[in-house]
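To start, the structure itself, in structure tokens.
There are 2 protein chains.
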Amino acid sequence: MNVPRDGTPTRDRILDAAQRIVLERGFAATSVDAVLAAAPATKGAFFHHFPSKNDLGRALLERYAAADERLLDDFMAAAEAESDDPAEQLVAFVRRFEQAADELAPTQPGCLFVSFIYESQLAGNENDLIATSIRHWRTRLLEKLEAAAELHPPAIAVDLRSLADQVFTTFEGGFILARAMHDPSHLRAQLAHLRHYLELLFGL
Amino acid sequence: MNVPRDGTPTRDRILDAAQRIVLERGFAATSVDAVLAAAPATKGAFFHHFPSKNDLGRALLERYAAADERLLDDFMAAAEAESDDPAEQLVAFVRRFEQAADELAPTQPGCLFVSFIYESQLAGNENDLIATSIRHWRTRLLEKLEAAAELHPPAIAVDLRSLADQVFTTFEGGFILARAMHDPSHLRAQLAHLRHYLELLFGL
DNA sequence: GGGGAAACAGACTGGATGGTCTGTTATATC
DNA sequence: GATATAACAGACCATCCAGTCTGTTTCCCC
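As they're listed, the protein sequences go chains A and B.
Just so you know, we're using the working numbering here: the first sequence kicks off at 118 and counts up by one.
Just so you know, we're using the working numbering here: the second sequence kicks off at 118 and counts up by one.
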């Protein structure tokens with residue numbers, strides 16, 4: 118078996134350029150030629166790495182979901198290092214995203230998931246990739262919420278399952294708000310309210 | 118001046134069909150031909166009513182924003198009829214959206230605003246239409262929030278301005294969550310948390 | 001150092017798509 | 001009932017765009 122030169126740098130360059138353009142204009146409005154011009158790369162390179170444009174979309178989503186999962190793990194680990202109280206961990210977790218929001222928002226004008234969710238043209242397989250990602254967040258946060266509710270009986274009865282989803286909701290909604298108003302700082306402010314809600318619920 | 122037959126029914130049919138398809142696939146992925154097939158209408162009719170596809174987008178946005186504003190006014194008026202307490206009015210306001218969510222979500226799989234926000238290809242003019250709409254909600258809700266905070270000192274210090282935006286955030290985030298998980302009921306659940314947050318803040 | 005396979009390069013194509021253009025029909029005014 | 005004009009109808013066009021195809025280069029293995 119012969120192993121010629123490594124193609125991953127080219128592949129990554131294409132993915133990076135594609136992600137930037139997709140986040141800005143959406144997937145359908147992103148032409149392969151535009152990606153190639155931005156990468157830069159050629160037609161031959163593109164269709165060597167991705168059989169079709171849809172495969173590029175799938176690859177983008179997979180890479181994004183993986184990075185997303187890593188972020189969740191990292192921030193949760195950092196939050197767990199700050200305190201032993203699961204409620205305080207949750208608050209620290211959200212606070213970390215608030216801090217990250219200011220740096221993240223200007224460079225990343227949105228969430229790649231939304232770019233695909235609002236374009237149902239991709240088959241169910243990759244949409245399930247998003248659903249799996251969301252469920253992962255939910256599971257991870259739900260166990261913390263349950264532990265927190267155990268220690269700190271909530272001020273009012275709430276459904277913890279959908280509360281876990283509230284993190285995703287606030288993130289996506291905040292992104293949209295920030296983008297619609299052309300002001301990245303909105304994301305942080307919306308996340309702060311989620312934190313306040315948790316603080317009130319668990320009496321912190 | 119001669120006034121031939123009325124064109125508004127055709128125009129509306131085109132707008133209705135276009136809105137359905139745009140909400141499902143996004144604006145860029147919506148071809149004029151697909152709209153014409155769904156309306157149904159012909160090329161001649163389309164380009165008689167809309168000089169270009171982008172003009173259709175603008176018209177869609179304008180119509181949507183107007184309906185949005187009407188909804189805000191109606192629900193706010195209904196909430197104001199329920200109670201004299203601005204805090205309770207706000208809670209009633211959100212509760213109304215929870216009720217509406219179940220009926221709205223299945224027929225309308227998303228918010229038209231997002232379809233355009235995540236596709237920056239349209240010029241700044243129509244994006245400002247969205248921003249104006251958001252600012253309208255913010256202004257309207259902010260005055261209620263300030264009145265509520267006067268009567269019921271908030272449990273913790275929060276920024277009322279961004280709290281007003283939280284309604285928009287929760288709505289958009291909830292829509293995305295519902296769509297990503299293929300379960301419209303999520304929207305209602307997310308709105309419920311927003312209501313709980315308000316209840317906790319104002320001690321209701 | 002020759003052979004082979006992956007990694008490109010780039011001209012080319014067929015279909016989709018936004019938009020045009022030349023009619024034709026309906027209706028209110030005179 | 002002649003006419004003017006908005007409201008359509010639908011063939012047609014120019015462009016763009018995803019995907020193909022035929023090379024050429026690079027690099028490892030023997």
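We put the CB at the ideal spot given by N, CA and C, even for glycine.
| request: Output, in chain order, the set of chain A residues within a Cβ distance shorter than 9 Å of PHE230/B. | output: Within chain A, the residues placing a beta-carbon under 9 Å from that of PHE230/B are ILE293 and ALA297, ordered along the chain.
| query | ARG142/B versus chain A: which residues are under 8 Å apart at the beta carbon? | reply | Under the 8 Å cutoff, chain A gives ALA145, GLU236, SER237 and GLN238.
| request: Answer yes if the stretch 172–183 of chain B comes into contact with the stretch 118–135 of chain B, meaning at least three C-beta pairs across the two stretches below 8 Å, and no otherwise. | output: These segments touch.
| message | Between ILE247/A and chain B, is any beta-carbon pair separated by less than 8 Å? | response | Contacts with chain B at 8 Å (Cβ-Cβ) include ILE247/A.
| task | For the stretch 219–228 of chain B and the stretch 220–227 of chain A, state whether three or more C-beta atom pairs, one from each stretch, are separated by less than 8 Å. | result | No: fewer than three Cβ pairs fall under 8 Å.
| request: Compute the distance between the beta-carbons of GLY161/A and THR287/B, then report whether it is under 8 Å. | output: THR287/B sits away from GLY161/A, with the two beta carbons spaced by 8 Å or more.
| request: Please report the residue range of the alpha helix (DSSP H) in which MET193/B lies. | output: Segment 170–199, the alpha helix (DSSP H) holding MET193/B.
| query | Distance, Cα to Cα, ALA182/A vs PRO203/B? | reply | Answer to the nearest angstrom: the Cα atoms are 42 Å apart.
| said: Is there a C-beta anywhere in chain A that falls below 8 Å from the one on SER279/B? | reply: Look at SER279/B: its C-beta is under 8 Å from a C-beta on chain A.
| said: Tell me which residues share the same chain as ARG255/B and place their Cβ nearer than 6 Å to its Cβ, disregarding the 5 neighbours each side in the sequence. | reply: Taking ARG255/B as the centre and dropping the five residues before and after it, the same chain places the C-beta of ALA281 and ASP282 closer than 6 Å to its C-beta, in chain order.
| query | Cβ atoms of PRO301/A and ALA295/A: under 8 Å apart, would you say? | reply | For ALA295/A and PRO301/A, yes; Cβs fall inside 8 Å.
| query | Helix, strand or coil: which one does DSSP assign to THR159/B? | reply | Coil, per DSSP.
| message | For a test of the three-state rule: what should DSSP assign to LEU239/A, helix, strand or coil? | response | If DSSP states are grouped into helix, strand and coil, LEU239/A belongs with coil.
| task | Report buried or exposed for LEU268/B, applying the criterion of at least 16 other Cβ atoms within 10 angstroms of its Cβ. | result | Result: exposed.
| query | Leaving out five residues before and five after HIS117/B in sequence, what residues of the same chain have Cβ atoms less than 8 Å from its Cβ? | reply | Since the first residue of chain B shown is 118 and the last is 321, residue 117/B is not available in this structure.
| task | Whole angstroms is fine: what's the gap from ALA194/B's alpha carbon to GLU186/B's? | result | Rounded to whole angstroms, ALA194/B to GLU186/B spans 12 Å at the Cα level.
| field | Minimum Cβ-Cβ distance from HIS303/A to chain B less than 8 Å | value | Under the 8 Å criterion on CB atoms, HIS303/A is classed as interfacial with respect to chain B.
| request: Pick helix, strand or coil for LEU258/B, following the three-state DSSP scheme. | output: Three-state result, LEU258/B: helix.
| query | Nearest to PHE210/A by CA position, among PHE163/A, PHE285/A and ALA297/A, is which residue? | reply | For PHE210/A, the closest alpha carbon among the candidates PHE163/A, PHE285/A and ALA297/A is that of PHE285/A.
| When burial is assigned at 16 or more other CB atoms within 10 Å of the CB, is HIS303/A buried or exposed? | With 16 or more other Cβ atoms within 10 Å, it is buried.
| Which residues in the same chain as ALA158/A place their Cβ atom closer than 7 Å to its Cβ, once the five residues preceding and following it in sequence are excluded? | Closer than 7 Å at the Cβ level, and outside the excluded window around ALA158/A, lie THR127, ARG130 and ILE131.
| said: Let me see if you follow: with CB-CB separation under 8 Å, is GLN283/B close to chain A or not? | reply: At a cut-off of 8 Å, the C-beta of GLN283/B has a neighbouring C-beta in chain A.
| Counting only beta-carbon atoms, is ILE138/B nearer than 8 Å to chain A? | So, not an interface residue.
| Does TYR314/B have its Cβ less than 8 Å from a Cβ in chain A? | For TYR314/B, at least one C-beta of chain A is nearer than 8 Å to its own C-beta.
| query | Among ILE293/B, LEU277/B, GLN307/B and ALA266/B, which one has its Cα closest to the Cα of GLY320/B? | reply | Out of ILE293/B, LEU277/B, GLN307/B and ALA266/B, ALA266/B has the C-alpha closest to the C-alpha of GLY320/B.
| request: State yes or no: is the C-beta of PHE144/B within less than 8 Å of the C-beta of SER250/B? | output: For PHE144/B and SER250/B, no; Cβs fall outside 8 Å.
| message | With a threshold of 7 Å on Cβ separation, who are the neighbours of LEU153/B within its own chain once the five nearest residues in sequence on each side are excluded? | response | THR159, LYS160 and PHE163, listed in sequence order.
| Is ALA274/A helix, strand or coil when you go by DSSP? | DSSP places ALA274/A in coil when its eight states are reduced to three.
| Going by Cα to Cα distance, which pick from GLU205/B, ALA198/B and ARG142/B is closest to LEU262/B? | Per the Cα distances, GLU205/B.
| message | For GLN136/A, which residues in the same chain have their Cβ closer than 7 Å to its Cβ, ignoring the five residues on either side in sequence? | response | Around GLN136/A: LEU177 and LEU229.
| said: The alpha helix (DSSP H) that contains SER302/A, what's its start and end? | reply: Here the alpha helix (DSSP H) through SER302/A covers 302–319.
| query | Would a C-beta distance cut-off of 8 Å place ALA155/B and ILE247/A closer than the cut-off? | reply | Result no, Cβ atoms of ALA155/B and ILE247/A do not sit closer than 8 Å.
| said: Residues in the same chain with beta-carbon distance under 7 Å from ALA151/A, minus the five sequence neighbours each way, listed in chain order, please. | reply: Cβ neighbours of ALA151/A beyond the five flanking positions: ILE138.
| query | Taking the alpha-carbon positions, what's the GLU199/A to LEU207/A distance? | reply | Cα to Cα, the separation comes out at about 10 Å.
| field | Interface flag, GLU289/B vs chain A, CB-CB below 8 Å | value | The C-beta of GLU289/B comes closer than 8 Å to at least one C-beta of chain A.
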